[in-house]
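Here is the structure we will look at.
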Amino acid sequence: MLKSLVIRNYALIKNLELSPSASFNTITGETGAGKSIMLGALGLLLGNRSDTRVLYENEEKCIIEAVFQLKGLDLEEIFESLELDYAQETIMRREISASGKSRTFINDTPVTLEVMKTVGTYLIDVHSQRDTYLLGSPTYQLNIIDGLSKNAPILHEYRTAYKQYKELEATYNRLLESSEQLKKEADYNHFLYEELVKSRLSEGELSALEEELRIIEHAEEIKARLFESAELLDQGEIAVLPALQKVIKNLQSVSQFAEHFVPMKERMHSAMLEMTDIAREINSELQKIDYDSDRQNEIQERLSLLYQLSQKHQAATEKDLIVIRDSLKEKVEKVQNLDAELENARKSMTNSYEQLTSIGGKLQQSRLAVVNGFKTGLEALLKELAMPHAAVEIRHGSIPPTANGLDKFNILFSANTGIAPDELKNVASGGEFSRLMFGIKYLLTDYSALPTIIFDEIDTGISGEVALKMAKMMKAMASHHQVIAITHLPQIAASGDTHYFVFKEIIDNRSVTMIKALNDAERVMEIAKMISGDNPTQGALQSARELIAR
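The working numbering applies: residue 1345 is where the sequence shown begins, and numbers increase by one.
In structure tokens form, the structure reads like this:
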């Protein structure tokens, strides 16, 4: 339950502290005094979005902090799954800076807004007039049925199966789309692949062929230069190699007179060996060089093919062409294996769908099992709330799988004899809507583990004996849950175990929202004012005492 709530620097609230009782709390106050502002602050603590407009003083940060007693709620596993330290007294805090930056903490551990919201769903159920409007939503109505069914484990199992099915369905659809595209391109890809295979690509071939072609095209010039070089080295009248040989002999001869001539002779001998080897290679190349027109044509044809393929595939090198060839091979092979891959994906998707609908069937049974009891119980409650002719009809339809199951529920309602139940938006007045929604909430509390229930002016359009019965029901709810009711009805205000009054004061020329717990005398006066106005009569005061005693 909520042990304490502290709100600082929020909207019209400068500093407000509330410690509600464990049972039935009522909150009253003038219109605009700030009752709903407190709920807005609590909503921020439970994960709602915010901005800097919530700040009372723009230079200071807003702080909202609540202490919850978690004993007996079995939330240890939830905390563990969220990687949070569990404590029977858990503190949730949210801070909003002047720059708009928001920070959230649970037991002084920084958490995300999503984690804060998740924990909050296990602690408080806030019902406002907005929820009454949501009652016409099919999703909201389905959530009501699920709350009564206590089917959270089956629903979780179903949603896990649904997620898996949607993933497999997406995989199959991607494969199908890909297969259709690949099949359209299959013949052309196969042609391109065969063309590259027949070209017998090898890395480095292009540069080698280009060099060979240059040699053939300049064969005469190359041959002449090589012949001249061979003459100069070994075959001419003034050839280099015989001269070098003579130099070596001379150095060998003088080496007997001085040792330092020996290294010179050895270096000359090394040079002689190198020059001899070069001369041998030049002569060898001379034997190879010859103009071959057939080979020239062959190379030109080959290069022309490689150039065409490079341009066609926008490839810079043969290596790029080889990569493209291998990629085309994968596409060709994929098309060949596509039917088998598609069939496997289809089978996986079908099996997943069957599993999903099987779990969905169990989920559906759990929901349908509570429908009649819900209808009967709600009609009985509405009779207690002065709607003796109220009729409720709950229509069910099966739908294709969604994240919420295979069901669609529609709650139909009629408040009067002779008028067939219809959709809520067409038949219910404000007061009827409030009683209908309250009846649903009352039924749900027996199935809910939520420790704290907050009603924000759920009693709109209600008065008299109906208000007394609603107050009695809230009192009954408070025997198992902490109930906090923001109300404008004296009947409900008088039924609370603790009565809080929200009011405004002017401080430093600014309106500030304040709250205080009323003592017995103050409570009688406040309820009397709710009955007859700011200057209550003795009769109003007596009526207030009677309401409280009742």
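Quick reminder that beta carbons are idealized off the backbone N, C-alpha and C, glycines included.
To which residues of the same chain is Thr-1453 closer than 8 Å at the C-beta, ignoring the five residues directly before and after it?
-> Leu-1428, Asp-1429
What is the DSSP secondary structure of Asn-1716, reduced to helix, strand or coil?
-> helix
Alpha-carbon spacing of Glu-1556 relative to Glu-1618, whole angstroms | 26 Å
So Asn-1533 packs on Val-1676, CB below 8 Å; how close in whole Å?
-> 6 Å
Alpha helix (DSSP H) segment containing Ala-1568, residue limits = 1563-1574
Rounded to a whole number of angstroms, what is the C-alpha to C-alpha distance between Leu-1467 and Pro-1880?
-> 39 Å
How many angstroms separate the CA atom of Ala-1815 from the CA atom of Lys-1873?
-> 18 Å
Does the Cβ of Gly-1548 have 16 or more other Cβ atoms within 10 Å, making it buried, or fewer, making it exposed?
-> exposed
If you run the structure through DSSP and keep just helix, strand and coil, what is Ser-1807?
-> coil
Hey, would you say Asn-1495 sits closer than 8 Å to Arg-1779, going by beta carbons?
-> no
What residue does the beta strand (DSSP E) around Pro-1454 start on, and which one ends it?
-> 1453-1455
Sequence ranges, alpha helix (DSSP H) only - wholly within the segment 1393-1464, length at least 4 = 1420-1425, 1457-1464
Top-ranked residue by Cα proximity to Val-1398, from Asn-1392, Asp-1578, Cys-1406 | Cys-1406
Verify whether the separation of the beta carbon atoms of Leu-1390 and Met-1345 is less than 8 Å.
-> no
Determine the closest residue to Asn-1449 out of Leu-1550, Ile-1851, Ile-1408, with distance taken between C-alpha atoms.
-> Correcting the residue identity first, residue 1449 is Phe in this sequence and not Asn. The residue with the shortest Cα to Cα distance from Phe-1449 is Ile-1408.
Starting from Gly-1741 and walking both ways along the beta strand (DSSP E), at which residues does that stretch end?
-> 1735-1746
8 Å Cβ cutoff met for Met-1817 and Ala-1829 | no
Contacting residues, own chain, Cβ-Cβ under 8 Å from Leu-1426 (five flanking each side not counted) = Val-1455, Val-1459, Thr-1462, Val-1463
Please list, in chain order, all residues of the same chain as Glu-1737 whose beta carbon is under 6 Å from its beta carbon, the five residues on each side excluded.
-> Leu-1756, Pro-1765
Leu-1650, DSSP secondary structure in three states | helix
Segments of 4+ residues assigned as alpha helix (DSSP H) that fall wholly inside the segment 1803-1884 | 1808-1821, 1834-1837, 1864-1876
Quick one: Cα of Thr-1857 to Cα of Tyr-1844, how far?
-> 13 Å
Where the beta strand (DSSP E) containing Gly-1480 begins and where it ends | Here Gly-1480 belongs to no beta strand (DSSP E), and DSSP marks it neither H nor E.
What's the gap between the Cα of Glu-1629 and the Cα of Tyr-1635?
-> 13 Å
Between Gly-1373 and Val-1846, which are expected to be in contact by the criterion C-beta below 8 Å, what is the C-beta distance as a whole number of angstroms?
-> 3 Å
Gly-1767 versus Gln-1485, Ile-1422, Ala-1355, residue with shortest Cα-Cα distance | A small fix is needed here, since residue 1767 is Glu in this sequence, not Gly. The shortest C-alpha separation from Glu-1767 is found at Gln-1485.
Thinking C-alpha only, which one of Ala-1734, Pro-1732, Phe-1753, Asn-1748 is nearest Gly-1741?
-> Phe-1753
If Ala-1442 and Asn-1402 are in contact, beta carbons under 8 Å, what's the gap, nearest whole angstrom?
-> 6 Å
Measure how close the beta-carbons of Leu-1729 and Val-1810 come, nearest whole angstrom, since I'm counting them as under 8 Å.
-> 5 Å
Please look up how many angstroms separate the CB atoms of Tyr-1506 and Ala-1747, rounded, as I've assumed it's under 8 Å.
-> 6 Å
Does the separation of the CB atoms of Glu-1801 and Thr-1842 fall below 8 Å?
-> no
Any idea what DSSP makes of Asp-1621, helix, strand or coil?
-> helix
Coil, strand or helix - Asp-1490 by DSSP = helix
Give me the Cβ distance between Gly-1775 and Gly-1704, rounded to the nearest whole Å; I'm assuming they're in contact under 8 Å.
-> So it is not a contact: roughly 38 Å between Cβ atoms.
Assess, as a yes-or-no matter, whether the segment 1679-1692 is touched by the segment 1506-1522 under the definition of 3 or more beta carbon pairs within less than 8 Å.
-> yes
Do you know offhand how far Leu-1577's Cα is from Lys-1590's?
-> 14 Å
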